[in-house]
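These protein sequence lines are chains A and B, in that order. Sequential numbering of the first sequence, starting at 90, is according to our numbering. Sequential numbering of the second sequence, starting at 115, is according to our numbering. Yeah, the Cβ is synthetic: ideal placement off N, Cα and C, and Gly gets one too.
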Amino acid sequence: MEIKMAKLSQEELLTDEGIRTDGRKIDEARPFEVEVGVLTQADGSALVRQGKNLILAGVMGPYEAERHSQFLDRSSLRVRYHMQPYSTNERKSPTYSRREIELSRAIREALEPAIILTELPRTQIDVFVEVLQADGGTRCASVNAASVALADAGIPMRDLVTAVAIGKVRDTLVVDINDLEDENGQADFPIAMMPNKGKITLLQMNGLLTQEEIKRSVEMAKRVINSLYTVQVNALKKKYAPLAASNEG
Amino acid sequence: MSERIEKVREVVVPGERLSDEGARAGEGCYRDDSAVFSSFLGVVERDEQRGVRVRPLRGKYMPKVDDFVVGKVIEVGLTDWTVDINSPYVGRLDSRDAGIEVDPITVDLRRYFDVGDYIGAKVISFDRVTPPSLTVRERGLGKIRGGIPISIIPSRVPRVIGKKGSMISMLDKMLKTKLVVGQNGYIIIQGGTPEDVSFTISILRKIEEEAYTYGLTDRIKELLIKRYGDQDG
Chain A
90 MEIKMAKLSQ EELLTDEGIR TDGRKIDEAR PFEVEVGVLT QADGSALVRQ GKNLILAGVM
150 GPYEAERHSQ FLDRSSLRVR YHMQPYSTNE RKSPTYSRRE IELSRAIREA LEPAIILTEL
210 PRTQIDVFVE VLQADGGTRC ASVNAASVAL ADAGIPMRDL VTAVAIGKVR DTLVVDINDL
270 EDENGQADFP IAMMPNKGKI TLLQMNGLLT QEEIKRSVEM AKRVINSLYT VQVNALKKKY
330 APLAASNEG
Chain B
115 MSERIEKVRE VVVPGERLSD EGARAGEGCY RDDSAVFSSF LGVVERDEQR GVRVRPLRGK
175 YMPKVDDFVV GKVIEVGLTD WTVDINSPYV GRLDSRDAGI EVDPITVDLR RYFDVGDYIG
235 AKVISFDRVT PPSLTVRERG LGKIRGGIPI SIIPSRVPRV IGKKGSMISM LDKMLKTKLV
295 VGQNGYIIIQ GGTPEDVSFT ISILRKIEEE AYTYGLTDRI KELLIKRYGD QDG
């Protein structure tokens with residue numbers, strides 16, 4: 090049953106035994122699945138499941154940018170993050186909200202450092218992220234989907250980008266928070282990284298963390314990101330492996 | 115059905131470490147902290163002399179000087195043509211590069227190439243800031259008359275051509291159609307019966323799809339022999 094009610098207490102979010110609302114341990118990430126190339130018309134695409142999040146990213150481009158939006162020395166990246174009306178348990182208005190504009194920008198800024206934009210001057214790259222189902226940490230799941238879709242589109246990149254949100258419930262740090270922990274917890278701390286470079290490309294915070302907690306959160310995020318990254322890589326490689334598999338199997 | 119696909123080329127993702135110091139970062143790679151990383155989802159090619167390079171599995175065509183491309187005229191100007199070359203950058207063919215002295219008042223460029231015409235052209239310059247310039251002032255370049263255009267992923271064109279042209283010369287010899295293959299992924303299929311054309315398309319699609327496997331030329335040869343018989347013996 091979906092729990093939809095007044096605020097949950099911290100004790101409800103994390104039991105004495107260290108079990109969270111969905112049965113996970115504090116350092117356990119949600120199941121993470123990536124499917125590459127689910128759309129045939131888009132230049133690149135990916136479908137990501139991160140817990141109950143279901144996110145579709147489609148990439149168009151690079152194509153020649155309109156005069157007014159082109160840069161002579163690099164490509165311009167546009168990101169549109171959008172939530173479907175049926176993606177949450179309360180109908181979300183299909184119109185573009187302030188929150189979606191803000192998240193679009195956050196996602197774009199998380200992806201931009203990874204893309205070698207100077208290889209494609211005067212062009213435009215568009216990323217469309219559709220949240221089909223939301224369960225907390227959608228911006229991170231969106232980054233995970235978008236970076237795979239960009240790689241699938243054959244866009245030059247320094248690295249993939251992988252993201253996860255660390256949260257705080259009952260004064261304890263927990264990884265990959267879900268919707269309940271996001272809404273009722275003490276902090277939401279989304280982090281995106283280029284895993285091979287060890288560089289952070291997105292770092293936001295909602296709530297309160299001590300300096301010590303921030304340091305520990307980043308370390309926890311790194312561990313989770315590395316395992317999510319492996320899933321992203323395998324998904325990309327799997328797309329080109331069916332021939333090899335039929336031979337080995 | 116015995117699929118004989120021995121080996122698949124090494125597929126890498128952007129940011130994957132390809133080699134440590136020493137190796138040269140070729141196309142599709144970049145150097146960072148003295149190691150070489152891939153910048154594409156692609157297949158690795160390692161070469162003693164030329165270093166390591168990555169050929170993207172997908173993506174748009176990036177014009178390169180001296181490339182032969184097949185383009186479609188999309189706009190006729192007073193002194194030039196705008197040509198779709200399957201790239202984010204549209205090609206520009208100046209009338210001088212078509213060998214025509216133009217007085218825009220008396221000469222209508224449509225007489226030479228009209229909108230919708232396919233041309234075989236060569237890229238003469240490209241600096242990413244101005245549109246890539248094309249020329250048709252060489253032997254074998256110019257309007258392509260007749261034929262059926264198809265488009266494949268540009269980064270897989272080298273496979274249609276093969277090592278030192280091994281694939282394309284085999285296709286030319288054994289297919290009943292003629293192919294005009296542009297580096298940009300546009301291919302024009304000329305001649306042959308409708309059955310020959312659809313067979314040609316299926317062969318090209320197979321090459322495109324399996325571009326990253328070994329032994330492809332042999333498998334294609336088998337299909338060609340099965341269809342048309344062995345023309346060598």
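Return the chain-ordered list of same chain residues with a C-beta closer than 8 angstroms to the C-beta of residue i, the five sequence neighbours on each side being excluded.
i         : result
Met-90/A  : Confidence at Met-90/A is low in this model, with a pLDDT of 49, below 50, so the placement of that residue is unreliable and no value is reported for it.
Asp-103/A : Here residue 103/A is Leu; the residue named in the question, Asp, does not match the sequence. Hits under 8 angstroms: Arg-109, Ile-115, Val-258, Arg-259, Thr-261, Val-263.
Val-127/B : Ser-152, Leu-155
Gly-59/B  : Chain B is shown from 115 up to 347; residue 59/B falls before or after that span and cannot be answered.
Ala-118/A : Val-253, Val-264, Asp-265, Val-313, Ser-316, Leu-317
Thr-307/B : Lys-290
I'd like the span of the beta strand (DSSP E) that includes residue i, first residue to last.
i         : result
Lys-186/B : 182-190
Phe-278/A : 276-283
Ile-233/B : 232-239
Glu-124/A : 121-125
Tyr-175/A : First-last for Tyr-175/A: undefined, no H or E at that position.
Asp-332/B : First-last for Asp-332/B: 330-342, but that is the alpha helix (DSSP H), not the beta strand (DSSP E).
Ala-154/A : No beta strand (DSSP E) holds Ala-154/A; DSSP gives it neither H nor E.
Leu-262/A : 261-264
Glu-219/A : 212-222
Lys-114/A : Taken as a continuous stretch (DSSP letters only), Lys-114/A belongs to no beta strand (DSSP E), as it is neither H nor E.
Lys-288/A : 288-292
Gln-139/A : 133-139
Gln-297/B : Careful: Gln-297/B lies outside any beta strand (DSSP E) and carries neither H nor E.
For chain D, is any of its Cβ atoms less than 8 angstroms away from the one on residue i?
i         : result
Glu-117/A : The structure shown contains no chain D; its protein chains are A and B.
Starting from residue i and walking both ways along the alpha helix (DSSP H), at which residues does that stretch end?
i         : result
Thr-319/A : 300-327
Ile-317/B : 308-323
Arg-188/A : 187-200
Glu-270/A : 268-273
Arg-273/B : 271-275
Ser-236/A : 227-241
Ser-283/B : 280-288
Glu-100/A : 99-102
If residue i and residue j are in contact, beta carbons under 8 angstroms, what's the gap, nearest whole angstrom?
i         : j         : result
Tyr-329/A : Leu-171/B : 6 angstroms
Ile-334/B : Ile-321/B : 6 angstroms
Asn-233/A : Pro-284/A : About 11 angstroms; that fails the 8 angstroms criterion.
Leu-166/A : Arg-197/A : 6 angstroms
Arg-163/A : Leu-192/A : With 8 angstroms as the limit, Arg-163/A and Leu-192/A do not qualify as a contact, their Cβ atoms being about 23 angstroms apart.
Val-250/A : Ser-231/A : That belief does not hold up - the Cβ atoms of Val-250/A and Ser-231/A are roughly 11 angstroms apart, past 8 angstroms.
Ser-239/B : Val-197/B : With 8 angstroms as the limit, Ser-239/B and Val-197/B do not qualify as a contact, their Cβ atoms being about 14 angstroms apart.
Ser-60/A  : Leu-298/A : The structure shown does not extend to residue 60/A, since chain A spans only 90 to 338, so no value can be given for it.
Tyr-170/A : Glu-201/A : That belief does not hold up - the Cβ atoms of Tyr-170/A and Glu-201/A are roughly 14 angstroms apart, past 8 angstroms.
Arg-187/A : Arg-242/B : With 8 angstroms as the limit, Arg-187/A and Arg-242/B do not qualify as a contact, their Cβ atoms being about 37 angstroms apart.
For residue i versus residue j, is the C-beta distance shorter than 8 angstroms?
i         : j         : result
Lys-186/B : Tyr-144/B : no
Ser-152/B : Gly-165/B : no
Ile-205/A : Pro-151/A : no
Ile-258/B : Leu-318/B : no
Ala-203/A : Arg-247/A : yes
Gly-234/B : Leu-255/B : yes
Ile-302/B : Gly-276/B : no
Met-309/A : Ile-255/A : yes
Ala-252/A : Pro-279/A : yes
Ala-135/A : Glu-124/A : yes
Val-183/B : Gln-304/B : no
Pro-120/A : Gly-107/A : no
Val-146/A : Leu-291/A : Reading the sequence as shown, one finds Ala at residue 146/A and not Val. The answer is no: Cβ separation not under 8 angstroms.
Pro-246/B : Tyr-300/B : no
Arg-273/B : Met-284/B : no
Val-220/A : Ile-303/A : no
Ile-188/B : Val-250/B : no
Arg-167/B : Ser-269/B : no
Go through its chain and collect everything with a Cβ distance to residue i's Cβ below 7 angstroms, but skip five positions before and after it.
i         : result
Leu-97/A  : Leu-269, Asn-273
Thr-177/A : Ala-223
Glu-252/B : Lys-236
Pro-218/B : Leu-192, Thr-193
Gly-338/A : Only weak support exists for where Gly-338/A lies, its pLDDT of 28 falling under 50; the coordinates are left without a value.
Ile-267/B : Arg-172, Gly-299, Glu-322
Ser-335/A : Reliability of the predicted coordinates at Ser-335/A is poor, the pLDDT of 40 falling under 50, and the value obtained from them is presented with this limitation in mind. Within the same chain, Ser-335/A has no close Cβ partners at all.
Ala-154/A : Ser-165, Arg-211, Thr-212, Gln-213
Within a Cβ cutoff of 6 angstroms, which residues of the same chain sit near residue i, ignoring the five residues on either side of it in sequence?
i         : result
Pro-174/A : Arg-180, Lys-181, Pro-183
Asp-134/B : Ala-149
Ala-324/A : Val-123, Val-125
Val-87/B  : Summary: the structure shown does not reach residue 87/B, with chain B confined to residues 115 through 347, and so no result is reported for it.
Gln-275/A : Lys-257, Gly-296
Handout entry: Ordered list of beta strand (DSSP E) runs contained in the stretch 193-265 of chain B, each at least 3 residues
Key = 194-198, 205-208, 232-239, 247-249, 256-258, 262-265
Problem - 3 or more residues per run - each beta strand (DSSP E) lying fully within the stretch 137-175 of chain B - result: 143-146, 149-152, 156-161, 165-170
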